[in-house]
Structures are given as structure tokens and as C-alpha cells.
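Each remark here refers to the structure printed beneath this line.
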Amino acid sequence: MSIDLEKTIAESLRTRADGPVDTDALLAGATGRARVIGIRRKLLVVGAVTAVVAVTGAAVAAAPDLLAGRAVRPAAPSQSPSAEAPVPGVTPPPPGGYRVPSLPMADGVAGAAARPDLVGTDPGVLHFDLDAAAAGAYTVAWTAGEGHESVDIGRPKGRLRLDLGPDLAKLDGLNRDGVFGDIWDTGFRSSGGDPVEQPRQSVGIGGLPSTLDETRYPDATVWVLRWQPVNGLWARVEGSVSRDDVMAFAAKVPGGLEHSRRCVVPVEIAKLPPGLRWTGCGVLLNGYNQAQAGQGILTFANLDGPPVSVQTGRGMVAADNPATNRTVAGHRAWWVSGSLTVDHGDGKFFMVDFRPHGAAASEVTAVHLAEAIQLPGQPGNPASWPTRAVR
Amino acid sequence: VTFEEYVTARGPALVRFARLLTGDNHRAEDLAQEALAKAFLSWRRIRRTDRPDVYVRRLLVNADRSWWRRRSSREIPVDRTADRPAAGDVGAEAGDRDAMWRLVARLPERQRAVIVLRYYEDLDDATIAEILDCSAATVRTHAMRALAALRERSDLLWRSPA
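Quick note, the sequences are listed as chains A and B, same order.
Count along the first sequence from 1, add 581, and you get the number used in this note's numbering.
By this note's numbering, the letter at position 5 of the second sequence is numbered -8, and the numbering carries on one by one without gaps.
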């Protein structure tokens, strides 16, 4: 049979696309989601670099690819809308300056200097420590598990980040946009101009050989240092402030490997449902609003389906949405687009989502996990959170 | 044009475009919201370009690609391929369109995007290239391969016994 192929294609597309569209709902949804993005930017966007990090109490239906990464080069600073006006998007410091809460020390747990093989193996422990306040932190995000450990320090202008792990290729490949990858990858990539990579330099960090890569963008420069502070362990430092700042930050890394801290979040799971295994932890702390400090994420491998995440934080979209459609352990809950948000009252929420978002989402799995979750402690006080999120 | 005016005027077209990219009405609305939310945050800049449609469609395509990158399967969800109605069937034309959509849905992501932008949005190759952030030559290559695949598969389908 002979057909007019292009005509049939056009007709089939028109037929398939047809159907009413509620523009009021579309407008409300878009602006509501934009407000959430705006909140997250206020929480996290610091200075001229788009990439922040991994953790949030996500409120949108974006995928929480916190600890899984894809981007292999530094994020282009000029792609961020924040780059248009970086400082106005940053909350001014409270009296006394920004004070980012610390994570509890893991006393008795060997640091990476003694046990480099443990880095990235226990989501409950960071086998290093760094003085974020000394680095001028505005926000700090820590992540542990899934083969690496990281700290991402946001400052009012610029950012510093350390990644540790046994596999340098994995560190280079981390998605440094974290959960924000869906937001910042806006398609305006070309408007920032093309990056210009400078010749690689050899430098020394603590007497050890290191490479320094410099990538220049039209309005900022990103430096990346790579070296092995201990046999079997790679360190990767990325910064956008100045070469001296990046070098000074890296110089503190070896000393930090002597200590360990706990990766804690305001979540406690006494018993994981069968089939789930805890794989990752991330926590975002800020230095200007204690009530909002302390958003976290836990990730889990799932024998029966796609990986699962639990995200905590205030101000989730569902918080002001009265149209609940589920009840979980007596709490209001929303099962929407393959994720389950649960309201524990007093502004405490969490969301169970799948990685990637919506991937073969199982309400049964989400509910079983949600039923096991408690939200103890005060929102902005890591010292009040369980020393280990998953027992 | 304000953002609200833009959504009122162009929102339905954007959602319909998203329906063709995703093959899923709910996902389409989610995707359109996501693209418009990003556009809202940069609206002052976008509206200065006097081509907001191009930018918003680029946002939508990128959001869709981002979503696809996280999927294990790159084939959009459709029911099994339907048998073509018998010749003379009053529903034959509708059946042709339905079968063609199923074939389009099975195209690789970029080829499908080109087909939708060319035959539904009726855009020229230069504009499609701008939206997809590639060259016009690449657009033509995608289109050529997609049409060849559709022609081959539709011939097979159409020849199959009812």
C-alpha cells in the first residue's frame, strides 16, 4: 500500500497531541515550582558557580541524583541565573557572621589517613574533617557513601569542593550539580561562552605531586587539583574563587584526614524494610537560618527495583497543599508522580522518591519505607539528630 | 509580553509539544511546568530575545533529555503495535495515524524530537537546530534517518496481514 508518509506523520502527531490544556493550572504549577526553585537557590546558590551540591529537601518532581554523577567537567559559572546577580541572591550574614553548624565527631573511628580503604564505604561516616567556617562557608554540604565522600563549601562569592575516593575517574565524573542538575541544566549553556582550558600545571600539595587544571569562562575561572594524599586515595579539589584560595584549601586536606565525622540527618530508621540497603547520606547546612539548616538525603539500593531516596527538609511543596491522598502511619501524605511526601507535623516533612524520579516507582516500597521513618531532633541542630540514621 | 500572557497564549502549544516528546500526558504537563518554571526565573532575559518560543522549547527538550538520561529505557511508553485496520475499514485512516504514532514513538530521542519539531511545530531546520543546540546539517541527518526508518517500518506494517 502506498501512503503519503509525511502527511500521515503530521496527521498522526496532530491527533496524538490534541486535547484540552488547563492553562490556569499550568501557570500556577509553573510559578509554584519556580518559587520552590527560588527557595532552593536562596538556600544554596552562592556566587558565580552554578554547581552547588547534593542535598536538599526537594519539593519538586525532579530526580534526586544526589550521589550519582555524570558531569565530567566543572560546571560553567555563567550558566547560572544567579550569575546575573550573585550577591543579591545570598542571604546577608546574621550578626557575628555566618555560622554553619558542625557535624558530630566520630570519635574512635579512624580517619582516611589511617584507613583510606574505608572512604566511601560507610554512608554514616565521613573519614575526614575540614573547618568550613575557616573557609568562609555560607552553606556546607557533606556527602558520604556510594564510593566517595565530599564536602561542598558555598561562600557568598564562589565555592570550594573536596571529593575523596579510591577511583579518580569516579570523582571526575560526579554530578556536581547534584539534585539541582535538573534545574541548572537550563539549555542556556551557550550563552555563557565557551570555556578555555589552560595547560595543565604540576604543583605540590603537602610535598606530594599534584596536577592543577584551570578552565576560564568569560566571567569566572575554575581550578581543579588532583592528587593522592594517601596511597590508595585520591583527592580532588575544585574551586572558583582564586588560585590562592584553592591551593590554601587543598593544603588543609591532609590534616583533615586524621579525623572522622558522622554524616547525620534529622531522620531515624530503626529497621529498614527487607530488600533495601543504605548506600548514601547527604546533609546540607547553612550559616544564616538555623530553622532551615539541616536538610538531608539518604539513599538506598533496592533489591526489588530502582534505588530509593529519602529527603527531608522544610518548605516542601506539599506543605501547603491540603489535597492529601494518602495516610501513612497516621500522618498526612501525598503520593504524586511516583514520590511519597509525608507530613509529620511541626513543619517536618520527608519525601520518598525513586532514582531516577518516577523510575518504576513502587508505592508499596515507598509506604513500607515511610512507615519506618521517624524525624527526631531539632531542624537546625545536628547535635540533636541520631548519630546514625539507619540502624 | 508578560510571563502570564505568554503561558496563556502559548502554554497549550507547549503542553501538546511535550505530549509528543514524552508520549505521556501526565509527564508532558510535568515537563511543561518544569520548563516554564525555569523560564519564569529568567523571564526578563528570555523576553528580551523576542524569541521566547525557541528558548522555552529548548528548556523543554533539555528537560526531556535529562529525564531520558535517567531512564533505563529510551522508548516512550506506548501499547503494543496495533494491527493495521483492513482496507476499506471506516477506521482505516485513524488506524494509519495511530500506527504511525506508535512508530514515531519508537524512534530514538533526537530523531523523534526532529520529527515533532518539523512536522508538528512546522519549524525550519535552522530553528530546530537552535532548539536542539546542534547544526542544521545534524538536523537534516536526524530527519533523513527517522524518515527512512518510518518508511521502512510502515511499509512492513502496512504489508502485514490483518
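For each residue, glycine too, the CB sits at the ideal point set by N, CA and C.
Any Cβ of chain A closer than 7 Å to the Cβ of glutamine 20 of chain B would place that residue at the interface, and such an atom is present. About 6 Å separates the Cβ atoms of threonine 968 of chain A and arginine 843 of chain A, confirming a contact at the 8 Å cut-off. In the structure shown, the three-state DSSP call for glycine 610 of chain A is helix. At a cut-off of 7 Å between beta carbons, alanine 591 of chain A contacts chain B. Against threonine -5 of chain B, the close residues of chain A are Thr604, Leu608, in the order they occur along the chain (beta-carbon pairs closer than 8 Å).
Contact of proline 95 of chain B with chain A is not assigned, every C-beta pair being separated by 7 Å or more.
Comparing alpha-carbon positions, the option among A/Gly787, A/Thr922, A/Leu806, A/Gly788 lying closest to threonine 796 of chain A turns out to be A/Leu806. Scanning its chain for C-beta atoms nearer than 8 Å, with the 5 sequence neighbours on each side dropped, one finds around valine 101 of chain B the residues Ile115, Leu119, Val126, His129, Ala130, Ala133, in chain order.
In the three-state reduction of the DSSP assignment, leucine 684 of chain A falls in the coil class.
Using beta-carbon distances, methionine 131 of chain B does not count as an interface residue toward chain A, since no partner is under 7 Å. Residue contact check for threonine 893 of chain A against chain B: no CB pair falls below 7 Å.
Residue environment: methionine 686 of chain A is assigned as exposed (fewer than 16 neighbouring CB atoms within 10 Å of its CB, all protein chains considered). Listed along chain B are Tyr106, Leu134, each with a C-beta nearer than 8 Å to that of glutamate 587 of chain A. Contact of leucine 755 of chain A with chain B is not assigned, every C-beta pair being separated by 7 Å or more.
The beta carbon of alanine 851 of chain A sits closer than 6 Å to the beta carbons of Arg972 from its chain, once the five residues preceding and following it are set aside; these are given in chain order. Runs of alpha helix (DSSP H) with 4 or more residues, each lying fully within the region 917 to 953 of chain A, are found at 944 to 952, listed in chain order.
Sorting A/Gly735, A/Leu707, A/Gly961 by C-alpha distance to the C-alpha of serine 821 of chain A places A/Gly735 at the top. Within its own chain, the residues whose Cβ lies closer than 7 Å to the Cβ of aspartate 744 of chain A, once the five positions on either side in sequence are excluded, are His729, Ser731, Leu752, Leu755, Arg817, listed in chain order. Distance from the CA of alanine 136 of chain B to the CA of glutamate 108 of chain B, rounded to the nearest whole angstrom, comes to 21 Å. As summarised for the region 823 to 863 of chain A, the continuous alpha helix (DSSP H) elements at least 4 residues long and confined to that stretch are 824 to 832, 834 to 837, given in chain order. Taking the Cα of tryptophan 804 of chain A as reference, the smallest distance to any Cα among A/Asp794, A/Gly813, A/Met932, A/Gly701 is reached at A/Asp794. Assigned with DSSP and collapsed to three states, proline 780 of chain A falls in coil, not helix or strand. Using beta-carbon distances, threonine 596 of chain A counts as an interface residue toward chain B, with a partner under 7 Å. The beta carbon of alanine 694 of chain A sits closer than 8 Å to those of Pro810, Val811, Pro835, Leu838, Glu839, all from its chain and outside the five residues before and after it, given in chain order. When secondary structure is reduced to three states using DSSP, leucine 1 of chain B falls in the helix class. The CB of leucine 137 of chain B comes closer than 8 Å to the CB of Leu586, Ile590 in chain A, given here in chain order. Between threonine 604 of chain A and threonine -5 of chain B, the CB-CB gap stays under 7 Å. Rounded to the nearest whole angstrom, the CA to CA distance from alanine 713 of chain A to tyrosine 869 of chain A is 14 Å.
Where alanine 19 of chain B is concerned, there is no enclosing beta strand (DSSP E), although the alpha helix (DSSP H) around it starts and stops at 12 to 28. Rounded to the nearest whole angstrom, the C-alpha separation of valine 681 of chain A and glycine 717 of chain A is 10 Å.
Assignment of asparagine 867 of chain A by DSSP, reduced to helix, strand and coil, places it in the strand class.
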